[in-house]
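Please read the structure below before turning to the comments.
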Amino acid sequence: MKPERLKPDSKILLIRTDRIGDVVLSSPVAAAIKRAVPNADVTFLVRQYTRDLISLHEDVDRVLTEEEIGAGEEAVRKLKMFRFDAGIALHPDFKWAWRMYRAGIPLRLGTGYRFFSIFYNRKVFEHRKHTQVHEADHNLNLLKPLGIPVSPAVFRFKLPVGAAAGIRSLLEKKGWDAEKTLVVLHPGSGGSAADWPAKRFGELARALLARHIFVVLTGNSAEKNLVDRVAQIGGAGVVRLDGALNLVELSAVLKQASVVVANSTGPLHIAVAFGTDVVGLYCPVPPCHPERWGPYGRSDSVLVPQKVSCKTCDVRICAKTRCMEQISVEMVLNKVLKNENV
1 MKPERLKPDS KILLIRTDRI GDVVLSSPVA AAIKRAVPNA DVTFLVRQYT RDLISLHEDV
61 DRVLTEEEIG AGEEAVRKLK MFRFDAGIAL HPDFKWAWRM YRAGIPLRLG TGYRFFSIFY
121 NRKVFEHRKH TQVHEADHNL NLLKPLGIPV SPAVFRFKLP VGAAAGIRSL LEKKGWDAEK
181 TLVVLHPGSG GSAADWPAKR FGELARALLA RHIFVVLTGN SAEKNLVDRV AQIGGAGVVR
241 LDGALNLVEL SAVLKQASVV VANSTGPLHI AVAFGTDVVG LYCPVPPCHP ERWGPYGRSD
301 SVLVPQKVSC KTCDVRICAK TRCMEQISVE MVLNKVLKNE NV
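Under our numbering, the sequence shown has 60 at position 60, and the numbering climbs by one with no breaks.
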């Protein structure tokens, strides 16, 4: 099918209603649209808890949330009010495919491999689960039916005025100053993949402190027990900010850091989006492999254990996550210390 050409003032809806990392890795689609159609009006539809994050994107004109749009016919009615010219399902979801169809959005783009793909009239046939293509590039490929050139992903996030200064002030009150190297450890992942053991994160914290590096632990309030274990092993010099930051403040901390060490999780991708160096800790099975989910453009910034026999990575089944124990503290420490900013 011949690619459609967007009119100069097209209203485009991007839908990504899952997790933080997914939203970050979908954000280059907004940048690509604006690069090709500068006067396009781009709306991003997300869940409430990622709203403040995507609001930091320079190419997003409007943010809607799943919660405010509502469900069923209410959602359809509200979508109709915006008179979108195109809608792009960045994550396959039956309800949003149906709602775009019911709302009469003229161009509806999404995967061609789901039973509900009949509701899309422009389809991209790519399997993501066992692919060697990065998630960000998969998202950009959804623009092909619109004739928009696909190029490497660009992340265009910008902190609001005062956010960076506020975080610097907070860190200074905790004992940091600009002469000290700041390393952020984010030990959780919300169950998205196998995690590096808490004990190893604690030992890494202790090793960094011994080298006079300022160590900050981050995490959400649900990860308190995990961070407790890391902090107990790390020692008194560790600074805890878990449960104390919203997404804008967390972004400012990650941007301020020299290096961020994390599992396969949203904050790792936030750090990359703001240009911070990272060390990503990944399990080796295909659905969570760094080829798809790693820090974009930073293949040399990941550590992966040797291949294991698992067909999938599910921490509900594999509570011990023994494969991740193959990554030693020394391996991670060396990766951090080799960074030119440390």
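Where is the CB? At the ideal position from N, CA and C, for every residue including glycine.
#1: If D52 and V248 are in contact, beta carbons under 8 Å, what's the gap, nearest whole angstrom?
#2: Could you check what DSSP says for D195 in three-state terms: helix, strand or coil?
#3: G72 lies in the alpha helix (DSSP H); which residues open and close that run?
#4: Measure the alpha-carbon distance for E210 versus I118 and round it to whole angstroms.
#5: What is the DSSP secondary structure of A89, reduced to helix, strand or coil?
#6: Am I right that G280 and V259 are in contact with their C-beta atoms under 8 Å? What's the rounded C-beta distance?
#7: Secondary structure at L53, three-state DSSP: helix, strand or coil?
#8: Going by alpha carbons, who is nearest to E74 out of F94, A103, D59 and A89?
#9: Residues bridged to I12 by DSSP?
#10: Hey, is V285 close to the ligand HEM, as in C-beta under 8 Å from one of its heavy atoms?
#11: Identify, in the order they occur along the chain, each residue of the same chain with its Cβ nearer than 6 Å to the Cβ of G26, setting aside the five sequence neighbours on each side.
#12: Please look up how many angstroms separate the CB atoms of V261 and V336, rounded, as I've assumed it's under 8 Å.
#13: Keeping to the same chain, check which residues put their C-beta closer than 7 Å to that of L64; ignore five residues upstream and five downstream.
#14: DSSP puts N263 in a beta bridge; with which residues?
#15: In terms of DSSP beta bridges, what is V215 paired with?
#16: Look at the Cβ atom of L171, then the Cβ atom of V239, and state whether they are nearer than 9 Å.
#17: Look at the alpha carbon of K34 and the alpha carbon of L6, and state the distance between them as a whole number of angstroms.
#18: L241 by DSSP, collapsed to three states: which one?
#19: Rank V184, A252 and V272 by C-alpha distance to the C-alpha of F155 and give the top, closest one.
If we stick to the structure as given:
#1: Contact flag correct, Cβ pair sits at about 5 Å.
#2: Under the three-state reduction of DSSP, D195 is assigned to coil, being neither helix nor strand.
#3: G72: member of the alpha helix (DSSP H) spanning G72 to F82, first to last residue.
#4: Per the sequence presented here, residue 210 reads as Ala, with Glu not at that position. Counting only the Cα atoms, I118 lies some 59 Å from A210.
#5: Note: A89 maps to strand in three-state DSSP.
#6: In fact, because the Cβ distance is near 11 Å, the residues do not count as touching under 8 Å.
#7: Helix, per DSSP.
#8: Looking from the CA of E74, the closest CA among F94, A103, D59 and A89 belongs to A103.
#9: DSSP, once it has assigned bridges, lists V42 and A86 as partnering I12.
#10: Looking at this structure, you won't find the ligand HEM or any other ligand, since it has none at all.
#11: Contrary to the premise, residue 26 reads as Ser rather than Gly in this sequence. Cβ within range, chain order: R16, L90 and N139.
#12: Approximately 7 Å separates the beta-carbon atoms of V261 and V336; this is inside 8 Å, confirming the contact.
#13: Correct list, in chain order: T43 and L45.
#14: In DSSP, N263 forms a bridge with L281.
#15: BP columns for V215 point to V183.
#16: Going by C-beta atoms, L171 is nearer than 9 Å to V239.
#17: Near 11 Å, if we compare the C-alpha coordinates of L6 and K34.
#18: Note: L241 maps to coil in three-state DSSP.
#19: With distances taken between CA atoms, F155 lies nearest to V272 out of V184, A252 and V272.
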